[in-house]
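*Asks:* In my numbering, each residue carries its 1-based index in the sequence shown increased by 50. Quick one: the structure is below, questions incoming.
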Amino acid sequence: MKQHRTIRFYQILMLTFLFPMAVAQCSDGQKSISGSGTIEVDEIRIAPLLPARIQEMKVGEGDHVSTGQTLVLLSSDEVRAAVSMTSAGVEAAAQNVQQAEASYRNASRDLQRAKELFQAGSIPAQKLDGARTRADVARAALQAARAQMKQVNAGLSQARSRLDETTLLSPIDGVVLRKNFLVGEVVMPGSAVLTLANLNQAYLKIYVPEAELTNIQIGQKARISVDGLDQPVPAHVSYIANEAEFTPKNVQTKDARTRLVFEVKLSVNNANGQLKPGMPADGEILYDSHPANKNSDD
């Protein structure tokens, strides 16, 4: 009998390790689904659109930034030279257009005069044809000059856009989480120079078996607990995966990793900054709560 009880004890102990998600009865009578993970925030990668050398870093890790604030200056000597060269081309093209317009006006006046003289019998048809040809040539030259003007203007606009791209701005109000490059290093397009995040909105991912999905809906009340806080932080269900996946590999046991589960995200208003990315946390989804307004976590 003692051996049977020992085996039963080890079976219960193994089940505890295999299932990190648990269903519990809360002290207030509500049922809940619980799971563990780490606090996360949505990260934004600040990356250049062109290869360049970092000239100056305006911010450091942990700094608070605002929308539109200058974060990084990239070396822009070559781009500025391109802008100057293209600007000179625009000026030259504008002069060509002015000259072509003057030539066309003169040719048009000559053609009109030739028509009048021909009708009066003062000049032969051959001279009228010559005036008409010169007007046609002048018109074609004007059209070509205007087309060239349009082309160099487009080039100038592109060069100025590239110059703007040498200044990296913040797209959000947030915090600098990581600085991934140093001044003087060359960065390629798409390489994140900085990583930003809005710490006001945090979330916790837990993984729920299919059998429990019927007890969960978007907006449902939840709560998140972390070490160091006396009370759980109010949260709500903001995302339920449509497809199952295997339990993430950070789950300790191999058997648990082979189970199919659904990702559920618990979001929380973190305006006071008490939840930090990477904090271990426990989440609970309350069974019988009704969908809550997302602002109810304030």
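Here a beta-carbon is modelled for each residue, glycine too, at the ideal position from N, C-alpha and C. Since we're looking at a predicted model, the values are computed, not measured.
What are the residues that DSSP puts in a beta bridge with Ser86?
*Replies:* The partner list for Ser86 (beta bridge, DSSP) reads Asp332.
*Asks:* Just to confirm before moving on: does the CB-CB distance between Leu249 and Arg228 stay below 9 Å?
*Replies:* No.
*Asks:* I'd like the list of long-range same chain contacts for Glu128, defined as Cβ closer than 8 Å, with 5 residues on each side in sequence excluded.
*Replies:* Same-chain partners within the cutoff: there are none.
*Asks:* Would Gly333 and Ala272 be called neighbours here (beta carbons separated by less than 9 Å)?
*Replies:* Contact: yes.
*Asks:* Quick check on Asn322: does DSSP put it in helix, strand or coil?
*Replies:* Note: Asn322 maps to coil in three-state DSSP.
*Asks:* To the nearest whole angstrom, what separates the beta carbons of Ser317 and Ala285, a pair I think is in contact under 8 Å?
*Replies:* Correct: roughly 6 Å between the Cβ atoms.
*Asks:* Using only CA atoms, which one of Gly85, Pro327, Leu192 lies nearest to Asn146?
*Replies:* The candidate whose alpha carbon is nearest that of Asn146 is Leu192.
*Asks:* What are the boundary residues of the beta strand (DSSP E) that Glu106 is part of?
*Replies:* Where Glu106 is concerned, the enclosing beta strand (DSSP E) stretches over 102-107.
*Asks:* Report the rounded CA-to-CA distance for Ser241 versus Val233, giving the unit in angstroms.
*Replies:* Straight-line Cα distance between these residues: approximately 14 Å.
*Asks:* In whole angstroms, what is the alpha-carbon distance linking Glu93 and Leu123?
*Replies:* Cα to Cα, Glu93 sits roughly 21 Å from Leu123.
*Asks:* Label Thr216 either buried or exposed according to how many other C-beta atoms from any shown protein chain fall within 10 Å of its C-beta, with 16 as the threshold for buried.
*Replies:* So Thr216 ends up on the buried side.
*Asks:* According to DSSP, which residues form a beta bridge with Tyr257?
*Replies:* Answer by DSSP bridge pairing, in chain order: Glu313.
*Asks:* Counting along the chain, where does the alpha helix (DSSP H) carrying Gly224 start and finish?
*Replies:* From DSSP, Gly224 is part of no alpha helix (DSSP H) but of the beta strand (DSSP E) over 224-229.
*Asks:* Quick one: give me the first and last residue of the beta strand (DSSP E) that Thr245 is part of.
*Replies:* Looking at the DSSP string, the run of the beta strand (DSSP E) that includes Thr245 is 244-247.
*Asks:* For the pair the segment 103-116 and the segment 164-173, tell me if three or more CB-CB distances fall below 8 Å.
*Replies:* No: the two stretches stay apart, fewer than three of their Cβ pairs being nearer than 8 Å.
*Asks:* Name the two residues that bound the continuous beta strand (DSSP E) containing Glu93.
*Replies:* First-last of the beta strand (DSSP E) with Glu93: 93-96.
*Asks:* Would you kindly work out how many angstroms separate the C-alpha atoms of Leu263 and Tyr257, rounded to a whole number?
*Replies:* Taking the straight line joining both Cα atoms gives about 10 Å.
*Asks:* Determine the extent of the beta strand (DSSP E) in which Tyr289 is found, giving its start and end residues.
*Replies:* Tyr289 -> beta strand (DSSP E) spans 283-290.
*Asks:* In terms of residue numbering, what span does the beta strand (DSSP E) encompassing Ala272 cover?
*Replies:* Per DSSP, Ala272 belongs to the beta strand (DSSP E) from 271-275.
*Asks:* State the DSSP-derived secondary structure class of Glu295, mapped to helix, strand or coil.
*Replies:* The answer is strand: DSSP assigns Glu295 an E or B state.
*Asks:* Evaluate contact between the segment 109-117 and the segment 205-225, counting only Cβ atoms and requiring at least three cross-stretch pairs below 8 Å.
*Replies:* Counting Cβ pairs under 8 Å, three or more are found: they touch.
*Asks:* Under the three-state reduction of DSSP, which class applies to Ala252: helix, strand or coil?
*Replies:* Three-state DSSP puts Ala252 in a strand.
*Asks:* Identify, in the order they occur along the chain, each residue of the same chain with its Cβ nearer than 6 Å to the Cβ of Val276, setting aside the five sequence neighbours on each side.
*Replies:* Taken in chain order, the residues that qualify are Met329, Ala331.
*Asks:* Return the residue from the list Leu310, Ala209, Ala143, Glu235 that minimises the CA-CA distance to Ser125.
*Replies:* Closest by alpha carbon: Glu235.
*Asks:* Rounded to whole angstroms, what is the Cα-Cα separation between Leu218 and Leu99?
*Replies:* Approximately 10 Å between the Cα atoms of the pair.
*Asks:* Does the segment 147-157 come close enough to the segment 129-136 that 3 or more CB-CB pairs lie under 8 Å?
*Replies:* Segments in contact, no.
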